[in-house]
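Q: Sending over a structure as structure tokens; questions will come in a sec.
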Amino acid sequence: RAAMTSLSVLITGETGTGKDMLAQYIHQNGSRAQKPFIAINCAAIQPTMLEAELFGYEAGAFTGAEKRKHGLMEVADGGILFLDEISSMPLDIQAKLLRAIEERSFRRVGGTTLIHVDVQLIAASNRNLAAMIQDGIFRQDLYYRLKVVDLHLLPLRERRVDIPELVGFFMRKN
């Protein structure tokens, strides 16, 4: 059902439960299957560069910005932007992302032009975002914007009934 909507999806679960695979499945089986699927691992990008990666930047916006760069949100226009490990996103970028979600538009770093996008967001985290909200390190308003469709993946040790099917799948694959 999540694939048939354009609503934001929050996928939670331990590392290794298949959050990335579920996000790809949603893309491949949804109305945006022929549009871009852009994934960004928020934990793998320096916090100082995350804003530029998400929203892009204009030439001259900062030292080394010699030409305009389109951000991943703009590249994903019409498709899906998958924000893996969203729990690693700094609070200031969370605020900018929230505004972009609400307004369906943003400005590149150093830019003045409003860029409108139609992007479905899928976010994933292996951390307890509700606890992070209590600790003041994750925005509650962003959490509820992302958690329109809430999917929690249990670890395989709690889904033993799935093991035979997975074994068969991997045997057929090889």
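Residue -8 is where the sequence shown starts when you use this note's numbering, and the numbers rise one by one after that. We put the CB at the ideal spot given by N, CA and C, even for glycine. Just so it is clear, the structure is predicted and the values come from calculations on it, not from any experiment.
How should L120 be labelled, buried or exposed, when 16 other C-beta atoms within 10 angstroms of its C-beta is the threshold for buried?
A: For the purposes of this step, residue 120 is identified with residue 129 of the sequence shown, where counting begins at 1. So L120 counts as buried.
Q: Could you tell me whether the region 128 to 143 touches the region -7 to 4, where touching means 3 or more Cβ pairs closer than 8 Å?
A: yes
Q: Under the rule that 16 or more other beta-carbon atoms within 10 Å means buried, what is A216, buried or exposed?
A: The displayed coordinates of the chain run from -8 to 165. Any statement about residue 216 would go beyond what the structure contains.
Q: Where do the N-terminal and C-terminal ends of the beta strand (DSSP E) with F28 fall, by residue?
A: By 1-based counting over the sequence shown, the position of residue 28 is 37. Start and end: 28 to 32.
Q: In three-state DSSP terms, what is F73?
A: For the purposes of this step, residue 73 is identified with residue 82 of the sequence shown, where counting begins at 1. Note: F73 maps to strand in three-state DSSP.
Q: Figure out for me which residue from M12, F161, H18, V100 has the closest Cα to the Cα of I71.
A: Residue mapping note: residue 71 aligns to position 80 of the sequence shown, counting from 1. Nearest of M12, F161, H18, V100 to I71, Cα basis: H18.
Q: Comparing alpha-carbon positions, which option in V108, K10, T(-4), G7 lies nearest L45?
A: Here residue 45 refers to the residue found at position 54 of the sequence shown. Closest option to L45, Cα to Cα, is V108.
Q: Thinking C-beta only, is G47 closer than 8 Å to V110?
A: Taking the first residue of the sequence shown as 1, we reach residue 110 at position 119. Taking the first residue of the sequence shown as 1, we reach residue 47 at position 56. Result no, Cβ atoms of V110 and G47 do not sit closer than 8 Å.
Q: Suppose the cutoff is 7 Å on Cβ atoms and the five residues either side in sequence are ignored; what does the same chain contact list for M123 look like?
A: Looking up residue 123 in the sequence shown gives position 132. Answer for M123: S78, F129, listed in chain order.
Q: Starting from K87, follow its DSSP beta bridges and name the residues at the other end.
A: Taking the first residue of the sequence shown as 1, we reach residue 87 at position 96. DSSP, once it has assigned bridges, lists no residue as partnering K87.
Q: Rounded to whole angstroms, what is the Cα-Cα separation between P155 and T6?
A: The residue given as residue 155 occupies position 164 in the sequence shown. The residue given as residue 6 occupies position 15 in the sequence shown. Cα to Cα, P155 sits roughly 21 Å from T6.
Q: Distance check for L157 and R98, CA to CA, integer angstroms please.
A: The residue given as residue 98 occupies position 107 in the sequence shown. The residue given as residue 157 occupies position 166 in the sequence shown. About 44 Å.
Q: Checking the sheet assignment: what are the DSSP bridge partners for D141?
A: Position 150 of the sequence shown, counted from the start, is the residue given in the question as residue 141. Paired residues: L1.
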